[in-house]
Amino acid sequence: MKLVIIIGFLGTGKTSLLLKLAEKAQSLNKQTAILVNEVGEIGVDNQIMKQLGHNVWEMLGGCVCCSLAGDVIGTLEKIDREFQSDVVLLEPSGAADPKNLMNVLADYQGVPFESLTKVGLIDSLRVEMLMAVAGPLIDSTLTHADMILITKADIASEEELNLAREVALSHLSGESVFAINVREEISQEILERIFPWKD
Ligand SMILES: Nc1nc2c(ncn2[C@@H]2O[C@H](COP(=O)(O)OP(=O)(O)OP(=O)(O)O)[C@@H](O)[C@H]2O)c(=O)[nH]1
Ligand SMILES: [Mg+2]
Numbered sequence: 122m123k124l125v126i127i128i129g130f131l132g133t134g135k136t137s138l139l140l141k142l143a144e145k146a147q148s149l150n151k152q153t154a155i156l157v158n159e160v161g162e163i164g165v166d167n168q169i170m171k172q173l174g175h176n177v178w179e180m181l182g183g184c185v186c187c188s189l190a191g192d193v194i195g196t197l198e199k200i201d202r203e204f205q206s207d208v209v210l211l212e213p214s215g216a217a218d219p220k221n222l223m224n225v226l227a228d229y230q231g232v233p234f235e236s237l238t239k240v241g242l243i244d245s246l247r248v249e250m251l252m253a254v255a256g257p258l259i260d261s262t263l264t265h266a267d268m269i270l271i272t273k274a275d276i277a278s279e280e281e282l283n284l285a286r287e288v289a290l291s292h293l294s295g296e297s298v299f300a301i302n303v304r305e306e307i308s309q310e311i312l313e314r315i316f317p318w319k320d
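Here it is as structure tokens:
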């Protein structure tokens, strides 16, 4: 199974993207499992995902990069054993540090992932503020990303988009940086990077 991790600060657009990816995977007849982690005890988005008919595993009340490390490994191993999944979409909490998460994932004992894609999200509306209040976390997110998606491009100013692009390009080259807008279809180019299925 393939593992896709969607990393980004609180409210950046992780769930919005994940739902689009889940829809796409389903339309390709790929068996999809969604793992959502929230620091809070109530997963509102997860209820919506379940209503949409997705296979959702919730990890609530802590962070998969630290206090819920055992849970994410246990859940991935259970999915590997019991669920014929083509792709697992993992949304860590917005407070998760991908550096710690990568260390946690090293303990996974199931069948090795066919591929591991880390999609880093950056919120175009809040780059300046987030760099000021959570700079190390944002840096860690972008440093560990295989591709960076700049979210909320539909409502950002040109100045905000330019700043987001500048920050993204200090971590990855232009062919791995894209601006997205959840109200539109995710482009084929991005989908092919995230879901490298040959058929
Ligand atoms: N206009 C616009 N709104 C967006 C976009 N992406 C996300 N949003 C909005 O931003 C808010 C947060 O989006 P979510 O997808 O819940 O973000 P998240 O990263 O999953 O949030 P947490 O799980 O709480 O950390 C929602 O109100 C979304 O509708 C976008 O591309 N354009
Ligand atoms: Mg979310």
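The opening position of the sequence shown corresponds to residue 122 in my numbering, with each subsequent residue numbered one higher. A virtual CB, placed ideally from N, CA and C, is assigned to each residue, including glycine.
Helix, strand or coil at Gly241 [DSSP, three-state]: Your numbering for residue 241 matches position 120 in the sequence shown. The three-state secondary structure of Gly241, taken from DSSP, is strand.
In its own chain, which residues sit with a C-beta less than 6 Å from the C-beta of His265, not counting the 5 before and 5 after it? Taking the first residue of the sequence shown as position 1, residue 265 is located at position 144. Residues Pro219, Lys239 of the same chain have their beta carbon placed closer than 6 Å to that of His265, with the five preceding and five following residues left out of the count.
Residues proximal to ligand 2 by C-beta, any heavy atom closer than 6 Å: Answer in sequence order: Lys135, Thr136, Asp166, Glu212.
If contacts are defined as beta-carbon pairs under 8 Å, then Ala289 and Leu263 qualify, I think. What distance do you get, rounded to the angstrom? In the sequence shown, residue 289 corresponds to position 168, counting from 1. In the sequence shown, residue 263 corresponds to position 142, counting from 1. Right, their Cβ atoms sit about 7 Å apart.
Thinking C-beta only, is Leu197 closer than 8 Å to Gly231? Here the question's residue 231 lines up with position 110 in the sequence shown. Here the question's residue 197 lines up with position 76 in the sequence shown. Yes, the pair counts as a contact, with Cβ atoms nearer than the cut-off.
In the DSSP assignment, find the unbroken beta strand (DSSP E) run with Ala146 in it and report its ends. Translated into the one-based positions of the sequence shown, residue 146 becomes position 25. Annotation: Ala146 is outside any beta strand (DSSP E); the continuous alpha helix (DSSP H) that includes it extends over 135 to 148.
Could you tell me the distance, in whole angstroms, from the CA atom of Glu135 to the CA atom of Phe299? Mapped onto the sequence shown, residue 135 falls at position 14. Mapped onto the sequence shown, residue 299 falls at position 178. Per the sequence presented here, residue 135 reads as Lys, with Glu not at that position. Lys135 and Phe299 have their alpha carbons spaced roughly 15 Å apart.
Check whether the Cβ of Gly132 lies closer than 7 Å to any heavy atom of ligand 1, and answer yes or no. On the sequence shown, residue 132 is found 11 positions in, with the first residue counted as 1. Relative to ligand 1, Gly132 has its C-beta within less than 7 Å of a heavy atom.
Would you decide whether Asn158 is buried or exposed? Buried here means 16 or more other CB atoms lie within 10 Å of its CB. Within the sequence shown, the letter at position 37 stands for residue 158. By the 10 Å Cβ count, Asn158 comes out buried.
List the endpoints of the continuous beta strand (DSSP E) containing Leu211. Numbered from its first residue, the sequence shown carries residue 211 at position 90. Where Leu211 is concerned, the enclosing beta strand (DSSP E) stretches over 208 to 212.
Following the continuous alpha helix (DSSP H) through Met223, name the residue where it begins and the one where it ends. Here residue 223 refers to the residue found at position 102 when the sequence shown is read from its first residue. For Met223, the enclosing alpha helix (DSSP H) begins and ends at 219 to 226.
Presumed contact (8 Å Cβ cut-off) between Thr272 and Ile307, rounded CB distance: The residue labelled residue 272 in the question sits at position 151 within the sequence shown. The residue labelled residue 307 in the question sits at position 186 within the sequence shown. Contact between Thr272 and Ile307 does not hold, since their C-beta atoms are separated by about 11 Å, which reaches or exceeds 8 Å.
For the alpha helix (DSSP H) containing Asn167, name the first residue and the last one. In the sequence shown, the residue the question calls residue 167 occupies position 46. 165 to 172 is the extent of the alpha helix (DSSP H) around Asn167.
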